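Engineer: Chains as they are written, first to last, in our numbering: chain A, 1 to 113; chain B, 1 to 115.
Built from N, CA and C at the ideal position, the CB exists for glycine as well.
Small disclaimer: the values here were computed from a predicted structure and weren't measured.
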């Protein structure tokens, strides 16, 4: 079985400052990793994903995440946040052998003007 | 062109009533899901169907019954509604063609309020 831990439930950060949202997972098999974003009163949208290959993956709006197998982490980073990045961010993991998909408990990112 | 749609968007009802939420996807996906998101934003998977077959059935009260008439639809029926059922319910879909549960596409959610 897999599980996901998001260590920070709330992260306030000033506009144009860098941010890191932490995600750790546990699994006994190979996994696929995802970050989803949920803007207020909307459904979840895929932000980026790691399936294989390069351990650094990027999104179109400046976020990036690095898969670190030794530390079982998939932290999300952005060098300079905007007000529009205010949202709930969910880390998720799925197994490449099963049909389970696990979400973390979410991190609420608030960008302060 | 809405990829995953849910109806209704808001649902307010009294305890003890029976209600249904409908979900449709036009992405050609073969797998659909129902999630419950509580007031603390915690997401819990409830059910998953692959090609109309139930593949995930988490521990939820049997008052909740999913129905998949075809691959593009997954409806959720709830009997004898309770206050604790108040939440936002999300439908999602994905393709298992590549052999794993990959990228999921979510609907806009249905906010259920039980009074």
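Using DSSP with H/G/I as helix, E/B as strand and the rest coil, what is residue 80 of chain A?
Structural biologist: coil
Engineer: Which of the residues in the stretch 25–55 of chain B, read from start to end, lie with their CB under 9 Å from any CB of chain A?
Structural biologist: 31, 33, 35, 37, 40, 41, 42, 43, 44, 45, 48, 50, 55
Engineer: To the nearest angstrom, how far is the alpha carbon of residue 19 of chain A from that of residue 106 of chain A?
Structural biologist: 15 Å
Engineer: Would you check if the stretch 70–86 of chain A and the stretch 23–39 of chain A touch, i.e. whether three or more CB-CB distances between them fall below 8 Å?
Structural biologist: yes
Engineer: Only counting the same chain, and skipping five residues up and downstream in sequence, which positions put a Cβ closer than 7 Å to that of residue 106 of chain B?
Structural biologist: 4, 90, 92
Engineer: Could you tell me if residue 31 of chain B is buried or exposed, where buried requires 16 or more neighbouring beta carbons within 10 angstroms of its beta carbon?
Structural biologist: Looking at its Cβ environment, which holds 16 or more other Cβ atoms inside 10 Å, residue 31 of chain B is buried.
Engineer: Can you pull the chain A residues whose beta carbon is under 9 Å from the beta carbon of residue 108 of chain B, in chain order?
Structural biologist: 41, 42, 43
Engineer: Once DSSP output is grouped into helix, strand and coil, what is the label at residue 70 of chain B?
Structural biologist: strand
Engineer: Taking the alpha carbon of residue 81 of chain A as the reference point, which residue from A:4, A:11, A:57 has its own alpha carbon closest?
Structural biologist: Of the listed residues, the one whose Cα sits closest to residue 81 of chain A is A:11.
Engineer: Taking only beta-carbon atoms, is residue 69 of chain A less than 8 Å away from chain B?
Structural biologist: no
Engineer: Using a Cβ-Cβ distance under 8 Å, would residue 106 of chain A count as near chain B?
Structural biologist: Closer than 8 Å: yes.
Engineer: For residue 20 of chain A, list the residues DSSP reports as bridge partners.
Structural biologist: Listed as beta-bridge partners of residue 20 of chain A by DSSP are A:77.
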